[in-house]
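Under our numbering, the first residue of the sequence shown is numbered 69, with each subsequent residue one higher.
Heads up, the thing below is written out as structure tokens.
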Amino acid sequence: MSDVRITIDKYLYEVLKERAQQSFTVVQMRDSYLTKLPTAISPDDARKAIYRQLLRLVKAGVLTKHPKSNPQQSTYRVVNNFVRMDFKFTIPSHQRVYNDKNTTKTKRRSPPSRFEEQLRQYQVDLLSSIAESEEYKRLYTVNPELKALLEAQYHQARDKSSKLLGQIKAIKTVISHLSK
């Protein structure tokens, strides 16, 4: 075991433990990471935070990176002695900032933060729903024999995306009115 303690986001550690025997991309890690967080953040912020941490963990010898010509397709893998390493767990920086803001807010400003949380969750759900509908469409375009089977799921995912878009618009309207 090393004398140096490696600082790691506790949610990222959980995801890395689950994927210890698999290769993964930054986007795959981000998607798993978002499901672990108790409060929602934007997928773009999560991806950036994950990428910074993964680079730091590669330098520390916790991960190996397998570069590809397209950097977004580069894969990472947890080293074999991962479970024996000495980690110091931290709260993610985006949560520390969020918690600091919450403690200084007055009661009057609390509702917008609840709405902003809900907005972020709807945005994550929307991205997931859009990706699902695109995948169904791709699958039945590539495999025309599956069109009858997959077309209904495609339409359901599209309808869900439309509903989420409406919810996002409504929440943004409420946030706009409350912040005036």
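Glycine included, C-beta positions come from ideal geometry on N, C-alpha and C.
Local Cβ density within 10 Å of Ala225, reported as buried at 16 or more and exposed below that | Within the sequence shown, the letter at position 157 stands for residue 225. Burial call: buried.
Buried or exposed: which applies to Leu214, given that a residue is buried once 16 or more other Cβ atoms fall within 10 Å of its Cβ?
-> Translated into positions along the sequence shown, residue 214 becomes position 146. Result: exposed.
Provide the residue span of the beta strand (DSSP E) that contains Val146, from first to last.
-> As a working note, residue 146 is residue 78 in the sequence shown. Per DSSP, the unbroken beta strand (DSSP E) holding Val146 starts and ends at 143-146.
The segment 88-97 / the segment 124-142 touching (three or more Cβ pairs under 8 Å) | Yes, since at least three Cβ pairs between the segment 88-97 and the segment 124-142 fall closer than 8 Å, the two stretches touch.
Which residue from Gln121, Arg115, Leu246 puts its Cα closest to that of Leu181?
-> The residue given as residue 181 occupies position 113 in the sequence shown. Checking the sequence shown, residue 181 turns out to be Ser, not Leu. Selected option, being the one with the closest Cα: Leu246.
Chain D contact for Ser142 (CB, 8 Å cutoff) = In the structure shown, chain D does not exist; there is a single protein chain.
For Ser247, does the three-state DSSP call read helix, strand or coil?
-> Translated into the one-based positions of the sequence shown, residue 247 becomes position 179. Coil.
What does a CB cutoff of less than 7 Å around Ser197 pick up in its chain, not counting 5 residues either side in sequence?
-> Residue mapping note: residue 197 aligns to position 129 of the sequence shown, counting from 1. If we look at Ser197 and ignore the five residues flanking it on each side, its Cβ neighbours are Ala225, Lys228, Ser229, Leu232.
Buried versus exposed, by CB contacts within 10 Å (16 or more), Leu217 | Within the sequence shown, numbered from 1, the residue matching residue 217 stands at position 149. With a threshold of 16 other beta carbon atoms within 10 Å, Leu217 falls short and is exposed.
Please report how far the alpha carbon of Arg73 lies from the alpha carbon of Arg152, in whole angstroms.
-> By one-based count along the sequence shown, residue 73 stands at place 5. By one-based count along the sequence shown, residue 152 stands at place 84. Roughly 11 Å separates the two Cα atoms.
Is DSSP giving Leu131 helix, strand or coil here?
-> The residue labelled residue 131 in the question sits at position 63 within the sequence shown. Note: Leu131 maps to strand in three-state DSSP.
Taking all protein chains shown into account, do 16 or more other C-beta atoms lie within 10 angstroms of the C-beta of Lys85, making it buried, or fewer, making it exposed?
-> Your numbering for residue 85 matches position 17 in the sequence shown. Lys85 is exposed by the Cβ-count criterion.
For Lys156, the first and last residue of its enclosing alpha helix (DSSP H) = As a working note, residue 156 is residue 88 in the sequence shown. In the DSSP annotation of this structure, Lys156 is not part of any alpha helix (DSSP H); the continuous beta strand (DSSP E) holding it starts and ends at 155-158.
So, Pro135 versus Asp77, is the Cβ gap smaller than 8 Å?
-> For this step, residue 135 is matched to residue 67 along the sequence shown. For this step, residue 77 is matched to residue 9 along the sequence shown. Pairing Pro135 with Asp77 gives a Cβ-Cβ distance that is not under 8 Å.
Go ahead and label Gln89 buried or exposed: buried means 16 or more other beta carbons lie within 10 angstroms of its beta carbon, across all protein chains shown.
-> Your numbering for residue 89 matches position 21 in the sequence shown. Gln89 counts as exposed, since fewer than 16 other beta carbons sit within 10 angstroms of its beta carbon.
With Lys104 and Tyr79 assumed to form a contact (beta carbons below 8 Å), what rounded beta-carbon distance in angstroms separates them?
-> Within the sequence shown, the letter at position 36 stands for residue 104. Within the sequence shown, the letter at position 11 stands for residue 79. Indeed they touch by this definition, with Cβ atoms about 4 Å apart.
Residue burial classification, Ala114 (beta-carbon count within 10 angstroms, cutoff 16) = Within the sequence shown, residue 114 is the residue found at index 46, counting from 1. Around the beta carbon of Ala114, 16 or more other beta carbons sit within 10 angstroms, so the residue counts as buried.
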